[in-house]
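K.L.:
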Amino acid sequence: MRRVLIVLFLILSGFLTATQALAVEVGGKAEVVYGGTWLENGDFLDELTDRLDLELYLPPLGEAELCYAFRVGSPLQGLLAGKDSTYFTKKLYLKRRFSRFHLTVGRQPVSWSFGAMLNPVDYTIGAEALEEEHDRKFTDAIEAYIPLNWNSGLTLVASFPAGFTVDPEKRKWGVRGRFGVKGYDLTVIYVQEPAAGANGHEDGAHGLISLPPLPRQRAAFTFKGDLGDLGVYGAFGRYFGEGGENSSSYLLGADYSYKIGYYGKLTMQAEYLLLDGINLLQVLGPFMSMGGGTERTNLFTGSLAYPIDDFSAVALTAVANPEESKYMLIPSYQNTLPGNIDLDLGLFFYLSNSEPNTTSIVVDLSYPF
């Protein structure tokens with residue numbers, strides 16, 4: 008562990024020295040993650056990884072701003088043995104705010120989240136799942152945002168999963184209208200995927216990965232608002248066109264906060280998702296094992312979170328696929344240690360009648376700066 012921290016410190020110190028000479032501010036996070044899994048046959052597999060996220064806050068270019076952020080990481084044995092570490096560009100875009108619209112060009116995060124733990128109608132399905140961010144969220148794109156008023160706007164995106172090209176068959180595009188109506192946040196979404204064979208999905212430094220084909224088009228509607236003391240939200244999506252079978256998705260969710268004592272507050276969230284198996288694999292992201300085949304699946308997700316004090320919190324997340332007897336339970340603990348080091352400790356219990364049961368542990372130490 009000490010050797011890992013020394014390597015990260017040397018990389019960070021050299022980078023900060025170089026950027027200070029260029030009058031560039033730097034922020035980011037250094038992170039060391041240990042993960043281990045107990046298999047049903049008694050075997051134990053573990054891995055220690057480290058990564059460094061850096062974002063450069065560059066001086067303005069006239070009336071435009073340039074953003075550059077990247078991640079460097081590798082398994083511990085690879086970094087210390089001199090093997091090539093992985094590099095992934097998270098952001099490299101130019102943004103200009105005009106009087107009537109904002110224009111962003113380059114590698115950028117594109118996600119149309121609305122507070123759901125699982126989002127079946129995101130621009131890139133599976134970009135975020137259970138608060139876990141996937142590298143597919145960052146894509147080469149051209150985005151235009153047109154504000155209509157203080158709580159309404161129109162977003163148009165054209166992205167290039169296989170790299171910038173003029174070929175319309177390899178281009179993905181979508182439009183999202185967001186409107187505030189009587190205290191509710193409403194959105195209308197349309198997305199068209201690239202042609203079959205051109206819709207690879209980026210997975211960090213590993214390039215394009217092969218996932219089940221998506222239908223060429225999808226249209227969706229989402230809502231979010233308050234119903235008394237209860238927060239409610241939901242989505243309806245329709246998937247159609249070449250590349251997959253026509254299907255629909257239905258999502259209903261609610262969240263509620265219960266005050267305990269003077270400072271404590273228990274936050275609860277629960278949602279129900281009905282979706283066919285192929286699209287469910289996309290929605291679950293890193294939790295794909297909870298998905299099924301091509302049949303429609305009922306998925307139930309819930310979470311409880313309680314802050315112990317200003318520096319620590321506990322949480323419990325559960326996911327259930329009762330039709331296929333698949334269940335996942337994730338208790339977690341967070342604490343800010345002396346020196347501004349964040350500790351995240353999580354356990355993952357995966358139970359299934361058709362697959363081996365596993366128990367995993369993840370210990371994450373990070374230093375934000």
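Quick note on the numbering used here: the sequence shown kicks off at 8 and runs consecutively.
Even for Gly, the Cβ is constructed at its ideal location relative to N, Cα and C.
Quick one: residues in its chain with C-beta nearer than 6 Å to the C-beta of VAL369, no 5 flanking neighbours on either side, listed in chain order?
P.N.:
Within the same chain, VAL369 has close Cβ partners GLY42 and GLY353.
K.L.:
Can you tell me whether ASP192 is helix, strand or coil according to DSSP?
P.N.:
Three-state result, ASP192: strand.
K.L.:
With DSSP as the reference, identify every bridge partner of LEU52, one or two as the case may be.
P.N.:
According to DSSP, which records beta bridges pairwise, LEU52 is partnered with THR44.
K.L.:
Run through the region 262-312 for me and flag every whole beta strand (DSSP E) of 3 or more residues, listed as ranges in chain order.
P.N.:
List check, beta strand (DSSP E) in window: 271-283.
K.L.:
Which class does PRO329 belong to by DSSP, given the choice of helix, strand or coil?
P.N.:
Correct three-state label for PRO329: helix.
K.L.:
Let's see if you can read the secondary structure: which residues bound the beta strand (DSSP E) around ILE153?
P.N.:
From DSSP, the beta strand (DSSP E) with ILE153 extends over 145-156.
K.L.:
When you compare the CB positions of ILE132 and ASN360, do they come within less than 8 Å of one another, or not?
P.N.:
No.
K.L.:
Below 8 Å between beta carbons: does that hold for PHE376 and GLY113?
P.N.:
No, these two residues do not count as a Cβ contact at 8 Å.
K.L.:
Should TRP119 be labelled buried (16 or more other beta-carbon atoms within 10 Å of its own) or exposed?
P.N.:
By the 10 Å Cβ count, TRP119 comes out buried.
K.L.:
What would DSSP say about ASP142, mapped onto helix, strand or coil?
P.N.:
If DSSP states are grouped into helix, strand and coil, ASP142 belongs with the helices.
K.L.:
For PRO201, report the span of its beta strand (DSSP E) as first-last.
P.N.:
Here PRO201 belongs to no beta strand (DSSP E), and DSSP marks it neither H nor E.
K.L.:
Pull up the CB-CB distance for LYS177 and ALA169, whole angstroms please, since I reckon it's below 8 Å.
P.N.:
LYS177 to ALA169, Cβ: 5 Å. Contact.
K.L.:
What number of angstroms, rounded off, separates the C-alpha of ASN328 from the C-alpha of LEU311?
P.N.:
Whole-angstrom Cα-Cα distance: 19 Å.
K.L.:
Who are GLY232's beta bridge partners in DSSP?
P.N.:
Bridge partners of GLY232: VAL239.
K.L.:
So, is SER256 buried or exposed, given that buried needs 16 or more other C-beta atoms within 10 angstroms?
P.N.:
Buried, by the Cβ-count rule.
K.L.:
Please confirm whether THR365 and THR44 have their CB atoms less than 8 Å apart.
P.N.:
The answer is yes: Cβ separation under 8 Å.
K.L.:
Express the C-alpha separation of ASN156 and GLU70 in angstroms, rounding to a whole number.
P.N.:
Rounded to whole angstroms, GLU70 to ASN156 spans 22 Å at the Cα level.
K.L.:
Looking at GLY232 and LEU258, is the spacing between their C-beta atoms short of 8 Å?
P.N.:
Not closer than 8 Å, so no.
K.L.:
Going along the chain, which residues of its own chain have a beta-carbon closer than 6 Å to the beta-carbon of GLY184, five neighbours each way excluded?
P.N.:
Hits under 6 Å: LEU161 and VAL195.
K.L.:
Grouping DSSP H, G and I as helix and E and B as strand, with all else coil, what is GLU176?
P.N.:
Here GLU176 sits in helix by DSSP.
K.L.:
How far does the beta strand (DSSP E) with LEU65 in it reach, from first residue to last?
P.N.:
Per DSSP, LEU65 belongs to no beta strand (DSSP E) and is neither H nor E.
K.L.:
Does the distance from the C-beta atom of GLU330 to that of ASN305 stay below 8 Å?
P.N.:
Yes.
K.L.:
Among the candidates ASP53, LEU372, PHE247 and LEU137, whose CA atom is the shortest distance from the CA of PRO345?
P.N.:
Comparing Cα positions, the closest option is LEU372.
K.L.:
Rounded to whole angstroms, what's the CA-CA distance from SER367 to ASP50? Just pull it up for me.
P.N.:
Looking at the two C-alpha atoms, the distance is approximately 12 Å.
K.L.:
Going by C-alpha to C-alpha distance, which of PRO127, TYR357 and GLY235 sits closest to GLY292?
P.N.:
It is PRO127 whose Cα lies nearest to the Cα of GLY292.
K.L.:
Consult DSSP for VAL128 and reduce its assignment to one of helix, strand or coil.
P.N.:
In the structure shown, VAL128 sits in coil (DSSP, three-state: anything other than H, G, I, E or B).
K.L.:
Below 6 Å CB to CB, which residues in the same chain sit around ASP351 once its five sequence neighbours on both sides are set aside?
P.N.:
Closer than 6 Å at Cβ, skipping near neighbours: GLN341 and ASP371.
K.L.:
Alpha carbon to alpha carbon, how far is ASN158 from ALA226?
P.N.:
Between ASN158 and ALA226, the C-alpha separation is close to 22 Å.
K.L.:
In the DSSP assignment, what are the bridge partners of ASN342?
P.N.:
Partner(s): SER319 and LEU350.
K.L.:
On a Cα-Cα basis, can you pick out the residue from PHE356, LEU63 and TYR191 that is closest to LEU336?
P.N.:
Of the candidates PHE356, LEU63 and TYR191, the one whose C-alpha sits nearest the C-alpha of LEU336 is PHE356.
K.L.:
Could you tell me the distance, in whole angstroms, from the CA atom of GLY190 to the CA atom of TYR265?
P.N.:
Each residue's alpha carbon lies about 22 Å from the other.
K.L.:
With burial defined as no fewer than 16 other Cβ atoms inside 10 Å of the residue's Cβ, what is the status of ARG58: buried or exposed?
P.N.:
So ARG58 counts as buried.
K.L.:
DSSP state of SER106, grouped into three classes?
P.N.:
Reduced to three states, the DSSP call for SER106 is coil.
K.L.:
Would VAL188 be called buried (16 or more neighbouring beta carbons within 10 Å of its own) or exposed?
P.N.:
Answer is exposed; the Cβ neighbour count stays below 16.
K.L.:
Is it true that the CB of GLY238 sits closer than 8 Å to the CB of ALA123?
P.N.:
No, the pair does not count as a contact, with Cβ atoms beyond the cut-off.
K.L.:
Which stretch, first to last residue, makes up the beta strand (DSSP E) that contains LEU163?
P.N.:
Run containing LEU163: 159-166, per the beta strand (DSSP E) assignment.
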